[in-house]
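Novice: Below you will find the structure I want to go over with you.
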Amino acid sequence: MAQKYVYKFGGGKADGNGQMKPLLGGKGANLAEMSRIGLPVPPGFTITTEVCTYYYKNNRSYPSDLQKQIKDGIATMEKIMGCKFGDTKGMPLLVAVRSGARDSMPGMMDTILNLGLNDETVLALVNATNNERFAWDCYRRFMQMYGDVVLGVQKREGEDHEPFEVVIEGYKHQAYGRDILDSELTAADQKELVKRFKDLVKERTGHSFPEDPWEQLQGAAGAVFGSWMNDRAIVYRRKYGIPAEWGTAVNVQAMVYGNTGSDSGSGVAFTRNPANGTNEFYGEFLVNAQGEDVVAGVRTPEPVAQLANELPQAYKELLNVRAILEKHFKDVQDVEFTIQQGKLFMLQTRNGKRTAAAALKFSMDMVDEGLINWKTAIQRNPADQLDQLLAPIFDLKDVEAATPIASGLPAGPGAASGKIYLNADRAAAAEAKGEEVLLVRNETSPEDLRGMIAAVGILTAKGGVSSHAALVARQMGKVCICGASALEIDYTQKTITVAGQVFHEGDYMSIDGTSGKVYGGKLKTAPSEIITGMIEGDETARSSEKFKHYNQLMEWCSKVTRMDVRTNADTPEQTRNAVAFGAKGIGLTRTEHMFFEGDRIDSMREMILADNEASRRHALSKLLPYQREDFAGIFEALDGLPATIRLLDPPLHEFLPHTRDQQEELAQKLGISVEKIAHRVESLHEFNPMLGHRGCRLGIAYPEITEMQARAIFEAAAEVLAKGKKVKPEVMIPLVGFKKELDLQTDIVRRVADEVMAEKKVKIDYLVGTMIEIPRGALTADEIAQTAEFFSFGTNDLTQTALGISRDDMGAFLMPYTEAEIFANNPFATLDQSGVGQLVEMAIEKGRSTNPGIKLGICGEHGGDPQSVKFCHRVGLNYVSCSPFRVPVARLAAAQAALQEAEEAKKADKAKTAKKTVKKAAKKTAKKAAAKTKSAKKTAKKSVKKAKVAKKAAKKAAKKATKKAAAKKKAVKKAAKKTAKKKTAKKKVTKASKKVAKKAKAAKKTVKKAAKKKTAKKKR
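Taking my numbering, the leading residue of the sequence shown gets 164, the next gets one more, and so forth.
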């Protein structure tokens, strides 16, 4: 049987369903599902993602039986719609061709509407609808989309506008002397544009526009598959971690028309507000327009609620569909719809993209409404977006003092100030130089993606809250305002004129994506309500809905999380912030950071420049009180939570001045010669300091450094204990690759701890462990764990040493490596699970093999990355540690990992139970079969017995019959013999008779002869 590549839907039926996203893509699966639940979906079919994979594996060719399946799909559409594809006499069937990846990729892939039109079918459409303007408008739109997407008639380097748009604008000004709306173009205008489009296609491609509908369809499908690998799709996939091998599906659907007149229209809507989460039907529509007009941002649409006045019956149906969809999918839906002459059709539904603020409110409200439970609510908040909730807002004083210069539609909440750029490439280049950038455009398109990623905010003069700019901004968590129509953008002069002011590229603007207001200049920002409530304890902030929702979410996370989240903190303030966010301790305190403050650096430098141990100890004695004070502050802020403190790690040269002026200044302070400092700097120089004299190697070369730091830690602990508070210090030895290194350093730490406890007469509960950050440490973890009481994976350096890549120098090849898909992600942002991850897993296994109770954590930057956190949960770490403001992100990711694990275990149990049930049923069936076999055997035995008796009787009868037959045979033989005798006698009689007859005949002859003789005599 041939493989199925085409899945049909429509007419209340569907071959597929909503669970088949990997095969049908999100759009195809949901079209099938909507059709199955009875919503008004125009018929169509989906070409599976497997065809896309085949297409790229087989030199852009298709499976041999695909064409046959497509023709069958078209035939089904023709039957449902009552019209023929390519018909030149009656109403022609026109189709829309859309992409549909497994994960929604808004605006990334290409769409073609009205496919099937040519110079003949357009006339058939005119006759069938009696609407010339509508028919030619459809043809013009089709040529523009097909020319762009399939034939590649797009803007060239250095061009700011699409060539088809240039033709349209040129014609409008030529014919009308001004820029009129597309809906104001007449049938004659549309005909002329079709003619000019044909000329443009011929000029740009060297070929005529294709007239054959089947050729058009094949080209469109190929273009959709081809667009899976276009630049903007690759950029988008890279940003959101969508694998290239997933491929896209192609959806071919019968056209319904929103551009037939004032009783028709198209729109895009969300079942709730995706910007702030309000439970309101939120979206836009355009009367007398096709769907692409709404999202393209070329015209500013009307709010969807206005439909109640324009087309009340259709709006009533739409509200009903809204309720059905949320109840069925149990999530906020993003829908596309078309109204054709008053009749509603649903063209798409998908889970709506949303800001972090909206995701939080959606999930909380839906729990209250009983649509979802609290565990689902945790999963509904993307961990990698949560930090949007912590993003700043504009300072209230600055806002009150400023006057807005324009306003638009709030499409992405938050506050952003930056230098304005009117071109995506220039915006990206400016961001690469470290500038904060605002991308300002009339409207954005997928080609602007690089600039949108680079920008802190996006501002458009046209388009609405469902335009491309709004959709992508929400996905990326960018501040965004759309449809600020007061902006006059001049791309040539690189200026924006608004409110009597002229802004040039590089000037500052500020945008408030929550209110939709635009300001000139740079406004100050203030912390979000959550920061203010958590860190500052502000009661007004704490009473806000957003804060309460956030707090509830974090409480739920605590109920399911197995793995703790700690923080990387070097000061009491950072520690307090992290604890306020729910950190369960410190996973990394970098002691070297403390040496750079104030006068401490001079004492540190004095220690490094010392000629002997005594001089070093003298300098270290000056540093001791500073370190003790810092540690005490951290212990107090933790209030009994554990603190992992890393001993000195960086190479000593980092603490010394490198310029002549700085060296002269230090020489004066310390009363030594500049030459001595310069000589020491030179002697400490290393070709590869990352792999040089650092970490435990310093402590082994200069044990007095380890002694001082250990003493500072334990004296601080004793000091805090004396105040009646608890402390849990964990001393971490860095860069260990050999057990002996750890043994030597641990001996010093334990000796100093014993001395301090004896001096202070206290008992300090502490641990000594190490950082696993070089491959040898991971490979010999079983040996190291015999001494270490904990491991903390330093994945920053472990990544550098495992990959052989310097984090500071990888910028030169990160982009080409990502584009070539060598890196799925930046390995210093998201843990390389298949490489570095294997070292981590190996170290865990080996460490626990010799020390089952060893505590395990991670303290690299990966500790705040959701994907890496989920990996850490899976491999069984006790905690992850990250920067204070990433703690909420890590907590949410850890909770999601626990829920995911529980769900997988549940599925496994179900599968196990199902397997058991199947086994039980099989056993039962086997038992029944055995009983049946036994019964059959018994019956067979009886049958055999009967058969034997029958056989015996048959044998006896046969014997009797044989005997009888023999007797009969004998009798027959006897009779035959008798008969034979008779025959012989008869034969003899016959023979004798014959002999007598012969003799009689001879006698007669003799008599006759004698008579004849006698007569002759007489005559004579």
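Quick reminder that beta carbons are idealized off the backbone N, C-alpha and C, glycines included.
#1: Restricting to Cα atoms, I'd like to know which of Ser227, Gln1063, Glu499, Ile1017 is closest to Gln949.
#2: Which residues bound the beta strand (DSSP E) around Thr658?
#3: Tell me the DSSP secondary structure of Asn451 in three-state form.
#4: Suppose you measure from the CA of Phe360 to the CA of Ser608; what does that come to, to the nearest Å?
#5: Exposed or buried, Lys234, counting other C-beta atoms within 10 Å across all chains shown (16 or more means buried)?
#6: When the distance is taken between beta carbons, is Asp611 closer than 9 Å to Ala579?
#7: Could you tell me which residues DSSP puts in a beta bridge with Thr209?
#8: Would you say Pro205 lies against chain B (beta-carbon separation less than 9 Å)?
#9: Rounded to whole angstroms, what's the CA-CA distance from Thr209 to Gly745? Just pull it up for me.
#10: Please classify Leu716: does DSSP put it in a helix, a strand, or coil?
#11: Spell out a yes or no on whether the stretch 313-321 and the stretch 366-377 are touching, meaning 3 or more CB-CB pairs, one atom from each, closer than 8 Å.
#12: Of the choices Gly858, Gln511, His491, Phe492, whose alpha-carbon is the least far from that of Phe500?
#13: Determine the extent of the beta strand (DSSP E) in which Gln664 is found, giving its start and end residues.
#14: Looking at C-alpha atoms only, which residue of Gly385, Pro735, Gly796, Lys685 is the closest neighbour of Gln230?
#15: Quick check: the stretch 630-639 against the stretch 587-598, are at least 3 beta-carbon pairs closer than 8 Å?
#16: Considering only DSSP beta bridges, list what Leu286 is partnered with.
#17: Quick check for students: name the residue ranges of the alpha helix (DSSP H) that lie wholly in the stretch 224-265, counting only runs of 4 or more.
#18: Please confirm whether Met240 and Gly207 have their CB atoms less than 9 Å apart.
#19: Going by beta-carbon coordinates alone, are Arg768 and Leu819 separated by less than 9 Å?
#20: Here's the rule I'm using: 16 or more other beta-carbon atoms within 10 Å means buried, otherwise exposed. How should Thr566 be labelled?
#21: Can you tell me the Cβ-Cβ gap for Gly174 and Glu196, rounded? I've got them flagged as a contact below 8 Å.
#22: Could you pull out every residue in the same chain whose Cβ sits closer than 6 Å to the Cβ of Phe508, ignoring the five residues on either side in sequence?
#23: Just the Cα atoms here: how many angstroms apart are Leu854 and Gly620?
#24: Here's the rule I'm using: 16 or more other beta-carbon atoms within 10 Å means buried, otherwise exposed. How should Ser846 be labelled?
#25: If contacts are defined as beta-carbon pairs under 8 Å, then Gly932 and Ser955 qualify, I think. What distance do you get, rounded to the angstrom?
#26: Less than 9 Å separating the beta-carbons of Thr688 and Ile556?
#27: Would you mind reading off the limits of the beta strand (DSSP E) that contains Val728?
#28: In the DSSP assignment, find the unbroken alpha helix (DSSP H) run with Glu473 in it and report its ends.
#29: Short of 7 Å in beta carbon distance, which residues of its chain neighbour Cys720, apart from the five on each side in sequence? Order them along the chain.
#30: Name the one or two DSSP bridge partners that Pro573 has.
#31: Within 8 Å, do at least three Cβ pairs link the stretch 1028-1045 to the stretch 1058-1067?
#32: Out of Ala412, Lys358, Gly245, Ala259, state which residue places its alpha-carbon closest to the alpha-carbon of Met268.
#33: Roughly how many angstroms lie between the CA atoms of Val1043 and Val1032, to the nearest whole one?
#34: Please report the distance separating the alpha-carbon of Lys722 from that of Asn536.
#35: Given a threshold of 16 other Cβ atoms within 10 Å of its Cβ, counted over all protein chains shown, does Phe297 qualify as buried or as exposed?
#36: With a 10 Å radius around its C-beta and 16 neighbouring C-beta atoms as the bar for buried, classify Ala944 as buried or exposed.
Specialist: From the atom records:
#1: Walking along the sequence shown from the start, residue 949 turns up at place 786. The shortest Cα separation from Gln949 among Ser227, Gln1063, Glu499, Ile1017 belongs to Ile1017.
#2: Reading the sequence shown from its first residue, position 495 is the one you call residue 658. Element bounds for Thr658: 658-661.
#3: As a working mapping, residue 451 is identified with position 288 in the sequence shown. In the three-state reduction of the DSSP assignment, Asn451 falls in the coil class.
#4: The residue labelled residue 360 in the question sits at position 197 within the sequence shown. The residue labelled residue 608 in the question sits at position 445 within the sequence shown. Each residue's Cα considered, the two are about 21 Å apart.
#5: Taking the sequence shown and counting its residues from 1, the one referred to as residue 234 is at position 71. Exposed is the call here.
#6: Within the sequence shown, residue 579 is the residue found at index 416, counting from 1. Within the sequence shown, residue 611 is the residue found at index 448, counting from 1. Taking 9 Å as the Cβ cut-off, Ala579 and Asp611 do not qualify as a contacting pair.
#7: Here residue 209 corresponds to residue number 46 of the sequence shown, with the count starting at 1. The partner list for Thr209 (beta bridge, DSSP) reads Tyr170, Asn414.
#8: Checking the listed chains, one finds no chain B in this structure; it contains a single protein chain.
#9: As a working mapping, residue 209 is identified with position 46 in the sequence shown. As a working mapping, residue 745 is identified with position 582 in the sequence shown. Between the C-alpha atoms of Thr209 and Gly745 there is a straight-line separation of about 47 Å.
#10: Residue numbering aside, residue 716 sits at position 553 when the sequence shown is read from its first letter. DSSP places Leu716 within a helical segment (H, G or I) once states are collapsed to three.
#11: These segments touch.
#12: Counted from its first residue, the sequence shown places residue 500 at position 337. Of Gly858, Gln511, His491, Phe492, the residue nearest in Cα terms is Gln511.
#13: Counting from one through the sequence shown, the residue named residue 664 turns up at place 501. It spans 664-667 - the beta strand (DSSP E) in which Gln664 sits, taken as one unbroken run.
#14: Within the sequence shown, residue 230 is the residue found at index 67, counting from 1. Measuring from the Cα of Gln230, the nearest candidate turns out to be Gly385.
#15: The stretch 587-598 is not in contact with the stretch 630-639.
#16: Position 123 of the sequence shown holds residue 286. Leu286 pairs with nothing; no bridge assigned.
#17: Entirely contained in the stretch 224-265, the alpha helix (DSSP H) runs reaching 4 residues are, in chain order, 229-244.
#18: Here residue 240 refers to the residue found at position 77 of the sequence shown. Here residue 207 refers to the residue found at position 44 of the sequence shown. Going by C-beta atoms, Met240 is nearer than 9 Å to Gly207.
#19: Working through the sequence shown from its first residue, we reach residue 768 at position 605. Working through the sequence shown from its first residue, we reach residue 819 at position 656. Yes; because the gap between Cβ atoms is below 9 Å, this pair is in contact.
#20: Counted from its first residue, the sequence shown places residue 566 at position 403. By the 10 Å Cβ count, Thr566 comes out exposed.
#21: Along the sequence shown, one-based indexing puts residue 174 at 11. Along the sequence shown, one-based indexing puts residue 196 at 33. Incorrect: roughly 15 Å between the Cβ atoms, too far for contact.
#22: Along the sequence shown, read from residue 1 onward, the residue named residue 508 stands at position 345. Taken in chain order, the residues that qualify are Pro203, Pro205, Val419, Thr501.
#23: Here residue 854 is taken as the residue at index 691 of the sequence shown, counted from 1. Here residue 620 is taken as the residue at index 457 of the sequence shown, counted from 1. Looking at the two C-alpha atoms, the distance is approximately 41 Å.
#24: Indexing the sequence shown from 1 puts residue 846 at position 683. In summary, Ser846 is exposed, with fewer than 16 beta-carbon neighbours lying within 10 Å of its beta-carbon over all protein chains present.
#25: Within the sequence shown, the letter at position 769 stands for residue 932. Within the sequence shown, the letter at position 792 stands for residue 955. That pair is a contact at about 7 Å.
#26: Walking along the sequence shown from the start, residue 688 turns up at place 525. Walking along the sequence shown from the start, residue 556 turns up at place 393. Yes.
#27: Position 565 of the sequence shown, counting from 1, holds the residue named residue 728. It spans 727-731 - the beta strand (DSSP E) in which Val728 sits, taken as one unbroken run.
#28: The residue labelled residue 473 in the question sits at position 310 within the sequence shown. 470-473 is the extent of the alpha helix (DSSP H) around Glu473.
#29: Translated into positions along the sequence shown, residue 720 becomes position 557. These residues qualify, in order along the chain: Ile541, Arg1054, Leu1055, Ala1058.
#30: Indexing the sequence shown from 1 puts residue 573 at position 410. DSSP lists Ile644 as the bridge partner or partners of Pro573.
#31: With three or more CB-CB distances shorter than 8 Å, the stretch 1058-1067 counts as touching the stretch 1028-1045.
#32: Along the sequence shown, read from residue 1 onward, the residue named residue 268 stands at position 105. Comparing Cα positions, the closest option is Ala412.
#33: For the purposes of this step, residue 1043 is taken as residue 880 along the sequence shown, with counting starting at 1. For the purposes of this step, residue 1032 is taken as residue 869 along the sequence shown, with counting starting at 1. One C-alpha to the other measures close to 7 Å.
#34: For this step, residue 722 is matched to residue 559 along the sequence shown. For this step, residue 536 is matched to residue 373 along the sequence shown. Each residue's alpha carbon lies about 14 Å from the other.
#35: The residue given as residue 297 occupies position 134 in the sequence shown. By the beta-carbon neighbour count (other beta carbons within 10 angstroms, threshold 16), Phe297 is buried.
#36: For this step, residue 944 is matched to residue 781 along the sequence shown. Residue environment: Ala944 is assigned as buried (16 or more neighbouring CB atoms within 10 Å of its CB, all protein chains considered).
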